[in-house]
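> Pasting in a structure now, in structure tokens, and then I'll have a few things to ask.
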Amino acid sequence: MQVKAEPVGDLALISRLIQATNLSNRVEEHYPSHHLWQGPGVGKTLKALLMYILSQNDHRLYRVEDWASNLEQSLRWLLEEPDFQAAHLSDDRLGNLLDYLSRTPSDWIRFQRAHNRALIRFYELESQVDDARLETVRIDSTTAQSHRAAEGLFQMGHNALGLALPQVKLMLLAMDKANLPLAMNAVAGKNSDDKLYIPALELAWQQGLKPRGVLVVGDRKLCNQTNSCFIADSGNYYLGPLAQRQYSPADLAQARQWIEHQAEPAEEVLRWAAGAKQAQPIALVKELPGRQLDSTQGGSHSQRLLAVCSLNLRQRQLSRLEQRIEQARQKITQRFVRSRGRKTLNTVEQAESQIKKILDENKVTQLFSWQIEPPQDPLQPCQVKLILDTRELELEKQLAGWRVMATNAPADKLSDKDAVLCYWEEYRIEQHFHLLLNKCTALRPIFLKKENRIQAMLQLLILALQYYNLWQYALRQQLAQQEQDFLTNLVPGNPGRKVHRPTTSLILGALKQVQIKN
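In my numbering, the protein residues as written are 429 to 946.
Shown next, in the form of structure tokens:
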């Protein structure tokens, strides 16, 4: 008798968790399989593709069939398909699946709405009636690049990595509870973020987000006047920092002076870190006098303004300020030393131009004035004396680490300290981008060519992120209920390390070596 071992690894757990949410049947309800479709139906084929993505951290279709060829018996059991063959997951067949899912966008919106509501109920994520806290969602954008010509969705635009490749821009909205992503909108990569928040919110409402009473947290572009008024007029709340266009440095300087003249100083905000024995101070906060914000539609709402000083950011900015001042001084001093192979700055115009350039590069132009004395010998450089403006320097130091945040949530629903702590969790949305682009689904770079298939794949990747984060949430909830502070034997090469907040990738990684024999 020949015994064959298959590396089933983490697939049994992934399959069980997907099955628990009835995904395959729900897909079949919205996308019934054609009578000529052979092998597993649309729902089970989609499930198998999700299993591959979550297990292998890869979205490339051409690799799925080879992966399945080593797991045919396991997949027959996990998919409950006795006649399953690896060819049922060929790249052509999976391409047809993506074509089918992208044929009518409204069908996917209806499916995603039903699926989101099912997940929220299954994991008990509905807000309780007696819960005084606001239900919070976070929204932000990222980009994914691809090696192709700039056309359609893929256009040249700014990205944080500085990559000179055509890109698509992704606007993602996720709930704070369970860090559950609800909707993602893909647009051409050349678009600016300012006008993408409203369409993303409207899509999220269509796909199951509660339409009223939600706190939307985002960056400075979320809190421009158009977006703020739209959120307020829709019966929701916003929270985020203000850009200089909404609150200038001069306004911030006046706010700092106002705070210093108040009887009660800014309050300290404490935050508990995972595994910490006591809370640590992270910021100072003081609520400023509010203001009325008028919308173009004729409405208005009250906007609260919170002056916030990040203690770590203040320390870094003060340290960096001293470094920039010293660097500027050294560069200017060195530049006016005569040197072979370098142009001698022997006129006032040349000297002034070079001084401005160096000060601007180090972002300290406003801190210095200067005196230039032209040389008597034209072969010698000008003599320069830099004068540090101590008043401007003191103002820079006073403003270091300070910024103003805005919200329309009343104080009884969101106190100033709670607002700071809420915004401090903004890293949650960045975790989604890291999982989406680099780790869980490895979307960077995008390999698919057809735009409709790219749109469908992005929808599937949202499903993958949902399961990834929901399992992580459920695990941590279970550990909390069992009063277990940490797990061990999860970190490769360091089995004794205590993991206080285990992740899905660590759990799945610990199961990679599991095999079944048949």
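Backbone N, C-alpha and C define an ideal beta-carbon position, used for all residues, glycine too.
According to DSSP, I890 sits in a beta bridge with which residue or residues?
The sequence position of residue 890 within the sequence shown is 462, counting from 1. In the DSSP output, where bridge partners are listed per residue, I890 has none listed.
> Out of H462, A908, L888, point me to the one whose CA is closest to D486's CA.
Counting from one through the sequence shown, the residue named residue 486 turns up at place 58. The candidate whose alpha carbon is nearest that of D486 is L888.
> Quick check on A707: buried or exposed, where buried means 16 or more other Cβ atoms within 10 Å of its Cβ?
In the sequence shown, counting from the first residue as 1, residue 707 sits at position 279. It is exposed - the Cβ of A707 has fewer than 16 other Cβ atoms within 10 Å.
> Whose CA, out of A711, S728, L712, V713, lies closest to the CA of R719?
For this step, residue 719 is matched to residue 291 along the sequence shown. Taking only the C-alpha atoms, the option nearest R719 is S728.
> Quick one: measure Cβ to Cβ for L842 and L643, integer angstroms, because I've assumed they're closer than 8 Å.
One-based indexing of the sequence shown puts residue 842 at position 414. One-based indexing of the sequence shown puts residue 643 at position 215. That belief holds up - the Cβ atoms of L842 and L643 are roughly 7 Å apart, short of 8 Å.
> Using CA atoms only, rank isn't needed, just tell me which of L600, P709, L807 is closest to R770.
One-based indexing of the sequence shown puts residue 770 at position 342. It is L807 whose Cα lies nearest to the Cα of R770.
> So the candidates are W798, N607, L600; which of them puts its Cα closest to the Cα of L624?
Residue mapping note: residue 624 aligns to position 196 of the sequence shown, counting from 1. Of W798, N607, L600, the residue nearest in Cα terms is L600.
> Flag R732 as yes if its beta-carbon sits less than 8 Å from any beta-carbon of chain C, otherwise no.
Structure shown: chain C not included; a single protein chain is present.
> May I have the straight-line CA-CA distance separating V596 from A683, to the nearest angstrom?
Locating residue 596 in the sequence shown gives position 168, counting from the first residue. Locating residue 683 in the sequence shown gives position 255, counting from the first residue. Taking the straight line from one Cα to the other gives about 39 Å.
> On the DSSP bridge list, what partners appear for T835?
Numbered from 1 along the sequence shown, position 407 holds the residue referred to as residue 835. DSSP output for T835 lists L667, R732 as bridge partner(s).
> Residues in the same chain with beta-carbon distance under 7 Å from G860, minus the five sequence neighbours each way, listed in chain order, please.
Here residue 860 corresponds to residue number 432 of the sequence shown, with the count starting at 1. A small fix is needed here, since residue 860 is His in this sequence, not Gly. Excluding residues within five positions, the ones whose Cβ falls inside 7 Å are L600, A602, P609, L893.
> Inspect the beta-carbon positions of K813 and Q794 and report whether they are closer than 8 Å.
The sequence position of residue 813 within the sequence shown is 385, counting from 1. The sequence position of residue 794 within the sequence shown is 366, counting from 1. Their beta carbons are not under 8 Å apart, which means K813 does not touch Q794 by this criterion.
> Got a sec? Which residues, its chain only, sit under 8 Å from Q725 by beta carbon, not counting five neighbours each side?
Locating residue 725 in the sequence shown gives position 297, where the first residue counts as 1. Same-chain partners within the cutoff: C657, D661.
> Taking V455 and F539 to be in contact with their CB atoms under 8 Å, please state how far apart those CB atoms are, rounded to whole angstroms.
As a first step, residue 455 is located in the sequence shown; it is residue number 27 there, counting from the start. As a first step, residue 539 is located in the sequence shown; it is residue number 111 there, counting from the start. At roughly 7 Å, the Cβ-Cβ gap stays under 8 Å, so V455 and F539 are in contact.
> Would you kindly check if the distance between the Cβ of K714 and the Cβ of A691 is under 8 Å?
Working through the sequence shown from its first residue, we reach residue 691 at position 263. Working through the sequence shown from its first residue, we reach residue 714 at position 286. For A691 and K714, no; Cβs fall outside 8 Å.
> Distance, Cα to Cα, L913 vs L898?
Position 485 of the sequence shown holds residue 913. Position 470 of the sequence shown holds residue 898. In the sequence as displayed, the identity of residue 913 is Asp instead of Leu. So the alpha carbons of these two residues sit roughly 19 Å apart.
> Around the C-beta of K475, are 16 or more other C-beta atoms found within 10 angstroms, so that it is buried, or is it exposed?
In the sequence shown, counting from the first residue as 1, residue 475 sits at position 47. Buried is the call here.
> What is the C-beta distance between N613 and L631, in whole angstroms, given that I count them as a contact (C-beta under 8 Å)?
Position 185 of the sequence shown, counting from 1, holds the residue named residue 613. Position 203 of the sequence shown, counting from 1, holds the residue named residue 631. Indeed, because the Cβ distance is near 5 Å, the residues count as touching under 8 Å.
> Express the C-alpha separation of D622 and N652 in angstroms, rounding to a whole number.
Position 224 of the sequence shown, counted from the first residue, corresponds to residue 652. Position 194 of the sequence shown, counted from the first residue, corresponds to residue 622. Spanning the two alpha carbons is a distance of roughly 8 Å.
> Would you mind stating whether P709 and L739 have Cβ atoms separated by less than 8 Å?
For the purposes of this step, residue 709 is taken as the residue at position 281 of the sequence shown. For the purposes of this step, residue 739 is taken as the residue at position 311 of the sequence shown. It is a contact, given that the beta carbons lie within the stated cut-off.
> When the Cα of I882 is compared with those of G471, N524, I446, which residue comes out closest?
Here residue 882 corresponds to residue number 454 of the sequence shown, with the count starting at 1. The residue with the shortest Cα to Cα distance from I882 is N524.
> Do the CB positions of G585 and K638 come within less than 8 Å of each other?
Position 157 of the sequence shown, counted from the start, is the residue given in the question as residue 585. Position 210 of the sequence shown, counted from the start, is the residue given in the question as residue 638. Contact flag unset, no.
> Should D558 go down as buried or exposed, given a rule of 16 or more other Cβ atoms within 10 Å for buried?
Locating residue 558 in the sequence shown gives position 130, counting from the first residue. Here the model assigns D558 a pLDDT of 47, short of 50, so the residue's position is not dependable, and the following value carries that caveat. Exposed: under 16 other Cβ atoms inside 10 Å.
> Check whether the stretch 508-520 and the stretch 904-923 touch, using three or more Cβ-Cβ pairs below 8 Å as the test.
At 8 Å Cβ cutoff, the stretches do not touch.
> Which two residues bound the contiguous alpha helix (DSSP H) that contains W798?
Residue 798 sits at position 370 when you count from the first residue of the sequence shown. Taken as a continuous stretch (DSSP letters only), W798 belongs to no alpha helix (DSSP H), being part of the beta strand (DSSP E) at 796-801.
> What did DSSP end up calling I874 once you bin it into helix, strand or coil?
Here residue 874 corresponds to residue number 446 of the sequence shown, with the count starting at 1. Here I874 sits in coil by DSSP.
> Mind pulling the beta strand (DSSP E) runs of 3 or more residues that sit fully within the stretch 496-562?
You should have found no qualifying run.
> Would you kindly check if the distance between the Cβ of R545 and the Cβ of G437 is under 8 Å?
Taking the sequence shown and counting its residues from 1, one reaches residue 437 at position 9. Taking the sequence shown and counting its residues from 1, one reaches residue 545 at position 117. For G437 and R545, no; Cβs fall outside 8 Å.
> Only counting the same chain, and skipping five residues up and downstream in sequence, which positions put a Cβ closer than 6 Å to that of E879?
Reading the sequence shown from its first residue, position 451 is the one you call residue 879. Closer than 6 Å at Cβ, skipping near neighbours: G580, L581.
> How many whole angstroms separate the CB atoms of Q583 and A616, which I take to be in contact at a CB cut-off of 8 Å?
For this step, residue 583 is matched to residue 155 along the sequence shown. For this step, residue 616 is matched to residue 188 along the sequence shown. Contact flag correct, Cβ pair sits at about 5 Å.
> Smallest Cα separation from L593: which of T932, A606, H575, L934?
Here the question's residue 593 lines up with position 165 in the sequence shown. Checking every option, the nearest Cα to that of L593 belongs to H575.
> Under 8 Å between the Cβ atoms of L562 and A837?
As a working note, residue 562 is residue 134 in the sequence shown. As a working note, residue 837 is residue 409 in the sequence shown. Yes; because the gap between Cβ atoms is below 8 Å, this pair is in contact.
> Here's the rule I'm using: 16 or more other beta-carbon atoms within 10 Å means buried, otherwise exposed. How should P809 be labelled?
Here residue 809 corresponds to residue number 381 of the sequence shown, with the count starting at 1. P809 comes out buried.
> My understanding is that L420 touches L716, with C-beta atoms under 8 Å, so please give their C-beta distance in whole angstroms.
There is simply no residue 420 to check, as the chain begins at 429 and stops at 946 in what is shown.
> Which same chain residues, not among the five before or five after Q900, have their C-beta less than 7 Å away from its C-beta?
Counting from 1 along the sequence shown, the entry for residue 900 is found at position 472. T931, T932, listed in sequence order.
> By the DSSP assignment, the beta strand (DSSP E) with L600 in it spans what residues?
Numbered from 1 along the sequence shown, position 172 holds the residue referred to as residue 600. Looking at the DSSP string, the run of the beta strand (DSSP E) that includes L600 is 595-603.
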